[in-house]
Amino acid sequence: MLNFKLSKEQEEIVVKYRDFANKWIIPNRLKYDDLAEFPWPVVKAGYDEGIMNGQMPEKFGGHNYSLLDTSLASEELGAGCVGIGICIDANTLALTPLYLAASETQQKKYFGLINEIKGVAAYCLTEPNAGSDVQAISSTAIKKGDKYILNGHKRFITNAEVSTFLTVFALTNPEKGSRSLTAFLVPSDSPGVEFKPRLQKMGQRASVQNEIIFTDVEIPEENRIGDEGYGFIIAMKTFDRTRTGVAALSIGNARAAYEIAKDWTKNRKQFGKPIAANQAIGFMLADMATKIESARMLNWYASWAYEHDKKKINKLSAMAKLYGSDIGMEVTTDAVQAMGGDGYSTDFAVEKMMRDAKLCQIYEGTNQVQRLVISKSILKE
Ligand SMILES: Cc1cc2nc3c(=O)[nH]c(=O)nc-3n(C[C@H](O)[C@H](O)[C@H](O)COP(=O)(O)OP(=O)(O)OC[C@H]3O[C@@H](n4cnc5c(N)ncnc54)[C@H](O)[C@@H]3O)c2cc1C
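The sequence shown finishes on residue 426 if you use my numbering, and the numbering steps up by one all the way, no holes.
Here it is in structure tokens:
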């Protein structure tokens with residue numbers, strides 16, 4: 046039997062995150078977009094109000110959220126501001142390899158550390174010559190005694206310069222290529238870790254990205270996550286768990302733009318009637334609402350599948366990310382169009398929402414790559 050009703054606990058998650066967005070994110074979103082600075086006060090408040098690290102096991106200070114719980118939470122963050130939302134969700138991205146494959150000792154140490162200092166972590170996969178093609182990674186971590194020596198170059202790393210620690214993917218045996226890809230925990234203040242100047246960018250400007258150069262960074266063996274050679278699997282399984290978060294941020298962003306456009310077009314009059322009374326605009330609103338509902342349903346299904354129908358998660362999470370971020374771009378663009386000059390101005394947040402939407406089609410695997418994942422999966426069926 047199908048049941049689209051959220052449980053009482055899930056409804057409470059929605060209310061908690063919506064209240065947080067209303068209190069901390071919406072009043073600050075234009076400021077951080079303008080400053081292009083990491084919103085530390087919002088993240089610290091997130092820790093104080095139980096917003097951070099929802100998926101973390103309760104014994105380490107989290108809430109044991111399921112993927113569906115996480116999607117409900119991320120939609121509310123996205124409706125507040127995707128730029129601020131991704132500061133929080135990129136931390137989840139960096140912690141996911143630990144949820145998947147870290148030992149109890151590693152989890153205790155690093156979850157304890159991040160909670161204690163109310164900090165964030167960063168996920169370091171992408172390199173100058175390895176973007177969509179993860180198998181082209183060339184950073185190395187070569188074993189020397191009881192340590193690994195890390196050398197390499199990562200780029201576009203969200204939360205890098207503000208992070209407490211990094212989840213880094215590197216080859217332990219370059220001759221074996223990506224079959225030796227391995228995940229490591231690297232404290233961000235380790236000698237030999239250098240953060241390059243912040244990336245300047247179009248949208249999601251509250252989040253920060255840097256290139257990182259690793260020069261002879263010593264990583265103790267105990268900081269290896271899982272076995273040598275399991276890095277590629279860990280990286281891919283991480284995306285299976287986090288793509289629904291990107292979809293949810295996109296859907297929240299689309300919802301916020303649609304709500305602003307709906308109110309504005311109902312109130313603004315031209316030719317003696319509200320703009321929304323013109324079928325051209327009314328149909329635009331109808332399409333926006335339909336796209337948001339359908340993207341949300343697909344994302345809920347994909348998120349639910351992670352716990353209930355795992356063999357479908359790879360395909361469904363790619364579909365949810367692809368569709369959620371594509372309609373996010375369409376809906377925010379239409380919101381700007383429906384509001385004319387007011388949409389384009391910075392007086393309303395919709396122009397920012399349109400800028401923010403674009404990046405969701407690019408990070409955590411571009412939408413072309415999502416189509417590759419989906420086509421590979423359906424051709425195997
Ligand atoms: C703001 C921002 C934040 C990011 N945060 C992180 C982070 O925290 N950690 C991290 O590791 N990475 C991060 N990334 C990296 C992001 O995941 C990559 O940018 C993305 O995977 C694409 O890689 P690329 O930019 O090198 O593009 P490329 O791989 O060079 O692709 C360029 C274009 O070619 C297309 N293309 C590539 N291959 C194919 C193909 N086989 N078929 C069809 N089309 C193809 C792509 O879809 C894209 O349109 C971030 C990126 C940005 C911009």
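By construction, the Cβ of each residue, glycine as well, lies at the ideal position given by its N, Cα and C atoms.
Discussion item. Just checking GLN245 against ligand 1 - is the residue's beta carbon closer than 7 Å to any of the ligand's heavy atoms?
Written reply: no
- Query: Out of PHE210, PRO242 and LYS221, which has the shortest C-alpha to C-alpha gap to SER235?
  - Reply: PHE210
Quick one: is the Cβ of PHE201 within less than 7 Å of any heavy atom of ligand 1?
yes
Rounded to whole angstroms, what's the CA-CA distance from VAL418 to LYS314? Just pull it up for me.
46 Å
Check your understanding: Would you report the Cα separation of TYR110 and GLY373, rounded to the nearest angstrom?
Key -> 25 Å
Is it true that the region 110–121 meets the region 334–350, where meeting means three or more beta-carbon pairs spaced less than 8 Å apart?
-> yes
Q) Which stretch, first to last residue, makes up the beta strand (DSSP E) that contains ASN255? A) 254–265
Taking the Cβ atom as the reference point for each residue, do LEU227 and ARG286 lie within a distance shorter than 8 Å? Here residue 227 turns out to be Thr, not Leu, going by the sequence shown. Not closer than 8 Å, so no.
Task: Buried or exposed (CB count within 10 angstroms, at least 16 for buried), THR260 - done: exposed
Indicate whether LYS192 and GLU266 have their beta-carbon atoms separated by less than 8 Å.
-> yes
What do you reckon, is the C-beta of GLN413 under 7 Å from a heavy atom of ligand 1? yes
inquiry  = Here's the rule: buried if 16 or more other CB atoms are within 10 angstroms of the residue's CB, otherwise exposed. What is ASP392?
reply    = exposed
Requested in this report: Assign THR217 to one of three DSSP states: helix, strand, or coil.
Outcome: coil
Exposed or buried, which one is GLU256 when buried takes at least 16 other CB atoms within 10 Å? buried
query = Taking the continuous alpha helix (DSSP H) assigned at PRO84, which residues delimit it?
reply = No alpha helix (DSSP H) holds PRO84; DSSP gives it neither H nor E.
### Message
On the CB-based measure, 16 or more other CB atoms within 10 Å of its CB, does SER420 come out buried or exposed?
### Response
exposed
Notebook entry, point to check: Three-state secondary structure (DSSP) at ASN312?
Noted result: helix
Consider the C-beta atom of LEU170 and the heavy atoms of ligand 1; say whether any pair is separated by less than 7 Å. yes
Checklist entry - Hey, out of ALA124, ILE296 and TRP85, whose CA is closest to GLU206's CA? => result TRP85
### Query
In the structure shown, what three-state DSSP assignment does CYS169 receive?
strand
| query | Which residues does DSSP pair with TYR193 in a beta bridge? | reply | LYS188 and ILE264
| task | Could you check the C-alpha separation between THR137 and ILE202 for me, to the nearest Å? | result | 14 Å
Checklist entry - Does the beta-carbon distance from GLY95 to PHE284 come in below 8 Å? => result no
Original post:
Since THR227 is in the beta strand (DSSP E), which residue starts that stretch and which ends it?
Top reply: 226–232
Subject >> Contacting residues, own chain, Cβ-Cβ under 6 Å from ILE65 (five flanking each side not counted) >> reply: According to the sequence shown, residue 65 is Phe rather than Ile. Here the set comprises GLU94 and ILE96.
Q.
Please state whether the Cβ-Cβ distance between ALA299 and THR377 is less than 8 Å.
A. yes
Discussion item. For VAL213 and ALA394, what's the separation of their Cα atoms in angstroms?
Written reply: 35 Å
(message) Closer than 7 Å to a non-hydrogen atom of ligand 1 - does that hold for the CB of LEU343?
(response) no
Q) GLU304 to LYS68, Cα distance in whole Å? A) 18 Å
(request) Answer yes or no: the CB of ALA167 versus the heavy atoms of ligand 1, is any distance below 7 Å? (result) yes
key: Where the alpha helix (DSSP H) containing VAL179 begins and where it ends   = It is not in any alpha helix (DSSP H) - VAL179 carries neither H nor E in the DSSP assignment.
- prompt: Which residue from ILE296, GLY327 and ALA301 puts its Cα closest to that of LYS311?
  reply: GLY327
Q. What separation, rounded to the nearest whole angstrom, lies between the Cα atoms of GLY385 and ASP371?
A. 22 Å
For ARG74 versus GLY125, is the C-beta spacing smaller than 8 Å? yes
Practice problem: Specify the secondary structure class of ILE162 as computed by DSSP and reduced to three states. | Solution: coil
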